[in-house]
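Colleague:
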Amino acid sequence: MMELRDYDNAHIKFRNSLKFTMLPILSWDFYASNYEEIKNLDEDYNSLLSLVSTNSWNIDTSILDRKLRTEKNIVVVTDTHLNIVFATKNMWNMSQYRPDEIVGKNPKMFQGDLTSNSTLNIVSKAVKEKNPFEVTVVNYRKDGTTYNCKIQGEPVFDYNGKVVNFIAFEKEVA
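Residue numbers (numbering that gives the first Met the number 0): 0 to 173.
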């Protein structure tokens, strides 16, 4: 009988340590969609941590965590030739593209006739000079409709001070 009490106590301790609450079955579809979002954010964050490790990024990972999980930004990472090497799954919500559809392509794929050349020049200059930038640009979804995209971009340096990637935190704005 003592073993069961130990088990019960361990189970209670475990349940109390969880950061979510059990929901009634009537709200299962809400719970399931929230679960999927959290699962995707966790997978994306772990993929970003893998990039941090593989490319020896000299970056505060708590910023990545905040930008992705708290602020719900879309994260796009390019190599130094500006080819997309990573995009978060929430990219679909803004652009109607899945990450696997854009990896290997240039972010110019989102541009079109209404995209401001002066805004693109600001981005181009910042990238060439390896400086951070913040702009709002008219981008195009997969179906051709436009959206305003706020982009906070910056170079990512390794521990030797060499630029190894560029990272952009993006959000659709009104």
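Just so you know, even glycine gets a beta-carbon here, dropped at the ideal spot from N, CA and C. In this text, all values refer to a predicted model and were calculated from it rather than measured experimentally.
1. Can you list, in chain order, the residues of its chain whose CB lies under 8 angstroms from that of Ile83, leaving out five sequence neighbours each side?
2. Let me know if Phe13 comes out buried or exposed under the rule of 16 or more other beta-carbons within 10 Å of its beta-carbon.
3. Considering only residues of the same chain and omitting the five flanking positions on each side of Thr79, which have a CB-CB separation below 8 angstroms?
4. Looking only at its own chain, which residues have a Cβ that is under 6 angstroms from the Cβ of Gly111, when we skip the five neighbours before and after it?
5. Is the beta carbon of Tyr158 less than 7 angstroms from the beta carbon of Asn54?
6. For Ile150, which of Ala9, Lys141, Leu119 has the nearest alpha-carbon?
7. Following the continuous beta strand (DSSP E) through Lys149, name the residue where it begins and the one where it ends.
8. Within 10 angstroms of the Cβ of Lys71, are there 16 or more other Cβ atoms? Answer buried if so, exposed if not.
9. Report, in whole angstroms, the separation of the C-beta atoms of Tyr44 and Asp59, which I expect to be a contact under 8 angstroms.
10. Looking at C-alpha atoms only, which residue of Glu171, Glu153, Thr144 is the closest neighbour of Tyr128?
11. So which of Leu113, Thr69, Leu81 has the shortest CA-CA distance to Thr135?
Modeller: On the basis of the supplied data:
1. For the purposes of this step, residue 83 is taken as residue 84 along the sequence shown, with counting starting at 1. Listed in chain order, the non-local C-beta contacts of Ile83 below 8 angstroms within the same chain comprise Val75, Val76, Thr77, Ile101, Val102, Gly103, Lys104, Asn105, Pro106, local neighbours out to five positions each way being set aside.
2. Residue mapping note: residue 13 aligns to position 14 of the sequence shown, counting from 1. Flag for Phe13 reads exposed.
3. As a first step, residue 79 must be located in the sequence shown, where it is residue number 80. Contacts found: Val162, Val163, Asn164, Phe165.
4. Looking up residue 111 in the sequence shown gives position 112. Hits under 6 angstroms: Tyr139.
5. What you label residue 158 is simply residue 159 of the sequence shown in a count that begins at 1. What you label residue 54 is simply residue 55 of the sequence shown in a count that begins at 1. Their beta carbons are not under 7 angstroms apart, which means Tyr158 does not touch Asn54 by this criterion.
6. As a working note, residue 150 is residue 151 in the sequence shown. Of the candidates Ala9, Lys141, Leu119, the one whose C-alpha sits nearest the C-alpha of Ile150 is Leu119.
7. Numbered from its first residue, the sequence shown carries residue 149 at position 150. According to the DSSP assignment, Lys149 belongs to the beta strand (DSSP E) that extends over 145-156.
8. Stepping through the sequence shown from its first residue, residue 71 is reached at position 72. Counting Cβ neighbours within 10 Å, Lys71 comes out exposed, since fewer than 16 surround it.
9. Taking the first residue of the sequence shown as 1, we reach residue 44 at position 45. Taking the first residue of the sequence shown as 1, we reach residue 59 at position 60. Their Cβ separation, rounded to whole angstroms, is 14 angstroms, which puts Tyr44 and Asp59 out of contact at 8 angstroms.
10. As a working mapping, residue 128 is identified with position 129 in the sequence shown. Note that residue 128 is Glu in the sequence shown here, rather than Tyr. Comparing Cα-Cα distances from Glu128 to each of Glu171, Glu153, Thr144, the minimum goes to Glu153.
11. Along the sequence shown, one-based indexing puts residue 135 at 136. Restricting attention to Leu113, Thr69, Leu81, the CA atom closest to the CA of Thr135 is found in Leu113.
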